[in-house]
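Start counting the sequence shown at 327; every next residue gets the next number (the numbering used here).
For each residue, glycine too, the CB sits at the ideal point set by N, CA and C.
Only one structure is covered here, and it is reproduced in the block below.
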Amino acid sequence: MERTIIGIDLAKENDKTGYIKNNKEASNINNSLTLTELNYCFNSAIKEGSKYIGVLIQIQDNKSNELIINKTESFAEKQEYYNKIYDENLNHKHAKKIKILNFGHSNCFKKLEEIIK
Numbered sequence: 327m328e329r330t331i332i333g334i335d336l337a338k339e340n341d342k343t344g345y346i347k348n349n350k351e352a353s354n355i356n357n358s359l360t361l362t363e364l365n366y367c368f369n370s371a372i373k374e375g376s377k378y379i380g381v382l383i384q385i386q387d388n389k390s391n392e393l394i395i396n397k398t399e400s401f402a403e404k405q406e407y408y409n410k411i412y413d414e415n416l417n418h419k420h421a422k423k424i425k426i427l428n429f430g431h432s433n434c435f436k437k438l439e440e441i442i443k
């Protein structure tokens, strides 16, 4: 699967959704996202004035993934945290069973959930 950054135009719905990765096979190491791409997402969200950044987290022993929503006012702090705690392949440095699977940014909470599921 070729990974490309895609833009979603939801202007008709008054949403300024930013760039996301098409990464439906995130568990396959060859298709995994990187910390560099997560930083690009944060920088795009800040530049475009998005309200939310969503991060989909996999915890190996859990039955479902966790969706973490970061609000605008915490973007800088959260970006610093992710850079400190996750390696370039988005594996948690101290808890090997935790991995970031996907992420995206949007002004619409519901659209964000749809984008990164």
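- Collapsing the DSSP output to three states places S432 in a strand.
- C434 has its alpha-carbon roughly 25 Å from the corresponding atom of K425.
- Counting of Cβ neighbours within 10 angstroms places I394 among the exposed residues, the total staying below 16.
- Around T398, the same chain offers K377 as residues with beta carbons nearer than 6 Å, after the five sequence neighbours per side are excluded.
- Relative to the Cα of A371, the nearest Cα in the group N396, L361, T360 and L382 belongs to N396.
- In summary, Q405 is buried, with 16 or more beta-carbon neighbours lying within 10 Å of its beta-carbon over all protein chains present.
- With 16 or more other Cβ atoms inside 10 Å of its own Cβ, H431 counts as buried.
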